[in-house]
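Structure representation (structure tokens):
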């Protein structure tokens, strides 16, 4: 998940996280992010297969803004522990 310059959150699936972030920030990424650069990585998960990753991304996309922010704060707390 990336946080765009306008504060919005974009959730996607990629095989190459670093390359995708470079594309997003050079205006060559997903249509949604092209006018919202720069974007910063705020959350990621790793999966063994694409279908699991797509399912998880879709479940995150279905969350409301408050729940997405909660997911971000939970993950940052886990890093601090």
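Numbering (our numbering), first residue to last: 21 to 101.
Backbone N, C-alpha and C define an ideal beta-carbon position, used for all residues, glycine too.
Nearest to residue i by alpha carbon, out of the options?
i, options, result
"residue 83", "25, 48, 26, 30", "30"
"residue 59", "32, 87, 94", "32"
"residue 57", "63, 72, 41, 69", "41"
"residue 66", "34, 24, 27", "34"
Over the uninterrupted beta strand (DSSP E) stretch that includes residue i, give me the two end residues.
i, result
"residue 59", "59-61"
"residue 70", "No beta strand (DSSP E) contains residue 70, which is instead part of the alpha helix (DSSP H) from 70-81."
"residue 23", "22-24"
Assuming residue i contacts residue j under a Cβ cut-off of 8 Å, what Cβ separation, rounded to an integer in Å, is found between them?
i, j, result
"residue 44", "residue 22", "7 Å"
If you measure between the beta carbons of residue i and residue j, is that distance less than 9 Å?
i, j, result
"residue 71", "residue 37", "no"
Where do the ends of the alpha helix (DSSP H) carrying residue i lie?
i, result
"residue 48", "From DSSP, residue 48 is part of no alpha helix (DSSP H); its letter is neither H nor E."
Original post:
With a cut-off of 8 Å, do at least 3 Cβ pairs link the region 36-51 to the region 71-85?
Top reply: The count of Cβ pairs closer than 8 Å, one atom from the region 36-51 and one from the region 71-85, stays below three, leaving the stretches out of contact.
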